[in-house]
Each structure stands twice: as structure tokens, then as C-alpha cells.
Amino acid sequence: MRIARRRTAAVLLLGVSLFAAACNSGGDNGGGTKTDEKVELTFWTWVPNIDKVVEKWNSTHPNIHVTASKQAQGDEEVTKLLTAAKAGSPPDLAQVEYQALPTLVSNDVLADIKDKVGNAKSDFADGVWQTVTLGSDAVYAIPQDVGPMMLYYREDLFKKYGLTVPKTWEEFAATARAARKKAPKSYLTTFSSGDPGWFVGLAQQAGASWWGVNGDTWSVSVNDPATKKVTDYWSGLVAEGVVDSKPMYTPEWNKSLNDGTLLAWPSAIWGPGVLAGNAADTKGKWAMAPLPQWVAGENKTGSWGGSTTAVTEGSKHKDAAAQFAVWLNTDPEAVAALVREGGIYPASKAAQAGPALATAPDFFPNQPDFYVTAKGIADTAAGFTFGPNVNVAYSAYKDAFAKAIADKAPFGGALDTMQTTTLDDLKKAGFKVAG
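If you count by mature numbering (1 follows the signal peptide of the UniProt record, and there is no 0), then the sequence shown holds residues -22 to -1, 1 to 413, one letter each, in order.
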């Protein structure tokens, strides 16, 4: 499969527009490394204490020395990688968020390492692996950490109000109505117009995949039936007044987690850290369960967050870099060290059930099987293909959904605005787009 790649100055500054020059994706391009050749690799990453993990590699691989360089994440890191690649001085490896992969691939920053990773695919859930292939037969990175979504809820207040943990979204709606009746000052949860990654995870669970690529042609389906179903569902709950509509990660939201104004939070595996930081007084009062399902008896979840280890196209030692990327994210000792030192939730299926996660998060002393439950949830993560203008879609989400909430309007129009904005941007950037 061929993936169109584009580059312009605007991308370097904003990561929005991309300039035309299609070419075959990936390939080693002479970047191999003989096993007896001593090489130096640079690795851009933001994981805390990762230097301790890298030391393990260096102590056992004297011919391939890796130097970790701490970097910011998100758009700032993407811009730095684009700039470094254009200047001809990229790192050999970089930690890259899943949603940033298409932008970097389409700008020739990342290498296709499918011929260098052996059977690494078997170490990861199918949905996770799909994300690093962009739905093609290429492999642009090795999954590092994942953010499977689940439901956090106030166990003590559910018991107080006689609420049952919902297993379906239909039950979730009924629970939201019951919560408002039994605790009029509280809501079951909030719908946030400020968190597109959260919404993507919910849509992903329902079967959505907003971008697709076939050869050198992209498609955009933000307002597909699965996402429309999710949109209409939450629009109805907000209009009914049974869930709040204020954004997350504000002082008001933090307070609502602490004082019982919000009784539940659909979130991801990293939720305990947020709860511990923002609602410290409620330690031991929350519990975790799988996300409600759209069809009773199904077992699916979405993802919110996560990152990969990618090899750059500009690396002169792609074989060695790929070897390190695979080791970092599949070797039992390496991944266990990532968990202990960096606090990540690993993408490796074996590591999710490993000894490094044998003890529940400190914030959940009442749920000793926290990570056993989380492992079962993580295995059910659905796949999702991101596109080269994720930032445009995410910005459109924030603007359109915030406006819909302010105008007390149905959310369907906001979703259509996202579709139009995302599709038009790809066309304007010079991509070949279907439809």
C-alpha cells in the first residue's frame, strides 16, 4: 500500500497544511546497521526516568549505544521532529503519540520498519497494532503504552443512592436519570466539549474510524453512523439535563470529583493518577468497571491516549534503531522497568499481566484486582485509523461542540461541521481525497 506524503512550511509551524510530493512509503533506504558495527542512536522521549531503562539496553548491547533526550510531547514535539527532519538532523528514534503518526508519515519523517520487527505484532492487541499501520501493510512504530477506556465511579455514593453500575449505555442513561432524582445537586457525569481525545475513544468503542487510506487516497468519515450514534446519545442526555455539559480539567471539574457532584467518569487507564491529584480526599471511594456496551453482552472499549516508539526516515541506522524499539516495548524486563520507572500502562499484552502491575494503584486500595480487570478491558480495544490532520479535526470538535452546548442545540450539526472542516482541510493541503 502507498501512502501519500506531503510537506510545506506551514506544517513545520502548525502541523496543519502539507505539501505535495507523493512517494512510496517506508523502506530501509540503506539505513541498515551491521551487528558488529558500533553505532550511536539518539532517542527523543518524555517518559520519566527512562534513562534507567535505556541503561539496561546499553549494558547488554555494547555495539548499539542509545542516548535518551527528554522532550515535550504533543504538538510541540511534532513540530520539533518536522523541523529536525527538514534540517537533516532528526533523532534515530522518537516517542510518538498514536494520533501524530499520520502527520509524521506524510511528511517523510518516519520509516516503514515492517521488515525489521519480526513477529512483534503478536505482542499487542489487534486494535493497537492497527493504529501503528495506519490501516496499511506498513509498520511505522512499535506500540509503547495504551489508554484503554473504562468507567470510574464513586462506589460509596452508588451504594448510598441505590445505583447499579451500568453494563450498557442504555442502563447508563437510566442511571443518570436516577442519580438526578436521588441527588438533585449531582450528575452521573459530564459531557466535555474540551476533550476530543475522550470523544474519539467513545466513538472508537462504537466502531468508528474517522480516516482511511487506500493507496494514495485518503477518506474522511467523522460523521459515520457509529459516531452519529454516540453524538445523538450524549446530545439527548445533555438536552434532558441528566448529565452535565461543563468541560473537564477545570477547577470546577476538580471540585466536583471531590465533593460528589459527579458520580462517575468514563476515562482511561491513567485515571487513578488524575483522581489522586484532583480528588485526594476520595481515595478508596472510587471503583473501576468496563465501559458500558452498546449491545448487551459485547466486550469492546475505545482508547484515550498512548504512544509509540518510531524510527525516523533520516536515521542512518534503521536496523539498530528498530531492534531497540522492539526490545524496549516487548522485552519483559524492559517493559517492567518502563512500568516501574515511567509509570506507563504498557501496550504489551504480556506486560499488562506481569508482576510490575500486580498491585493496584494506591488510590484504589478497595479494588485489589484493578489491573486484572484492566487487562481484560485492554484486550478488547477497537482499532482506529488516524489521519494527517488530526489537529484540525480536534480543533473543530472543540469549537463546534462548545457552540452547540452554548446554543443548547443538538450535537448533530457540530459533528457535520467537523466532517466538512476535516475533509476540506485535507483537500486544501493537496491530498488526494475520496468523496
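For each residue, glycine too, the CB sits at the ideal point set by N, CA and C. Here the structure is a predicted model, which means the values were calculated and not measured.
query: Considering only residues of the same chain and omitting the five flanking positions on each side of PRO68, which have a CB-CB separation below 6 Å?
result: ALA62, THR290 and GLY292
query: Around the C-beta of ALA412, are 16 or more other C-beta atoms found within 10 angstroms, so that it is buried, or is it exposed?
result: exposed
task: Select from ALA119, THR109, ALA78 and ALA152 the residue whose C-alpha is nearest the C-alpha of ASP93.
output: ALA119
message: Let's see if you can read the secondary structure: which residues bound the alpha helix (DSSP H) around PRO366?
response: Run containing PRO366: none; DSSP gives neither H nor E here.
query: Taking buried to mean at least 16 other C-beta atoms within 10 Å of its own C-beta, is THR400 buried or exposed?
result: buried
Identified DSSP bridge partners for GLY190: SER197
query: Since TRP212 and PHE389 are thought to touch, with beta carbons under 8 Å apart, how far apart are those beta carbons, to the nearest angstrom?
result: 7 Å
field: Complete alpha helix (DSSP H) runs within the region 290 to 378 (minimum length 4 residues, chain order)
entry: 296 to 308, 310 to 320, 327 to 330 and 348 to 356
field: Residues near ASP402 by beta carbon distance below 6 Å, same chain, minus five either side
entry: none
query: Which ranges would you report for the alpha helix (DSSP H) in the region 207 to 251 if only whole runs of at least 4 residues count?
result: 229 to 237
- prompt: Is the beta carbon of ALA184 less than 8 Å from the beta carbon of TRP282?
  reply: no
- prompt: Which residue from GLY219, VAL117, THR81 and PRO174 puts its Cα closest to that of THR167?
  reply: GLY219
task: Note down, in chain order, each residue of its chain lying with its Cβ closer than 6 Å to the Cβ of VAL143, except the 5 sequence neighbours on either side.
output: ALA267
- request: Name the residue from SER164, VAL110 and ASP123 whose alpha carbon lies nearest to the alpha carbon of PHE136.
  value: SER164
task: Would you grab the beta carbon distance between ASP326 and ASN307 for me? Rounded to a whole angstrom, and I think it's under 8 Å.
output: The amino acid at residue 326 is misidentified as Asp; the sequence shows Ser. Yes, they are in contact, since the Cβ atoms of SER326 and ASN307 sit about 6 Å apart, within 8 Å.
- prompt: On the premise that GLY105 lies in contact with ALA359, defined as a C-beta separation below 8 Å, what is that separation, rounded to the nearest angstrom?
  reply: 4 Å
field: Nearest neighbour of ALA204, chosen from SER197, ASP194 and ALA186 [CA to CA]
entry: ALA186
field: Rounded distance between the beta-carbons of HIS43 and GLU75, thought under 8 Å
entry: No, GLU75 and HIS43 are not in contact; Cβ-Cβ is about 26 Å, not under 8 Å.
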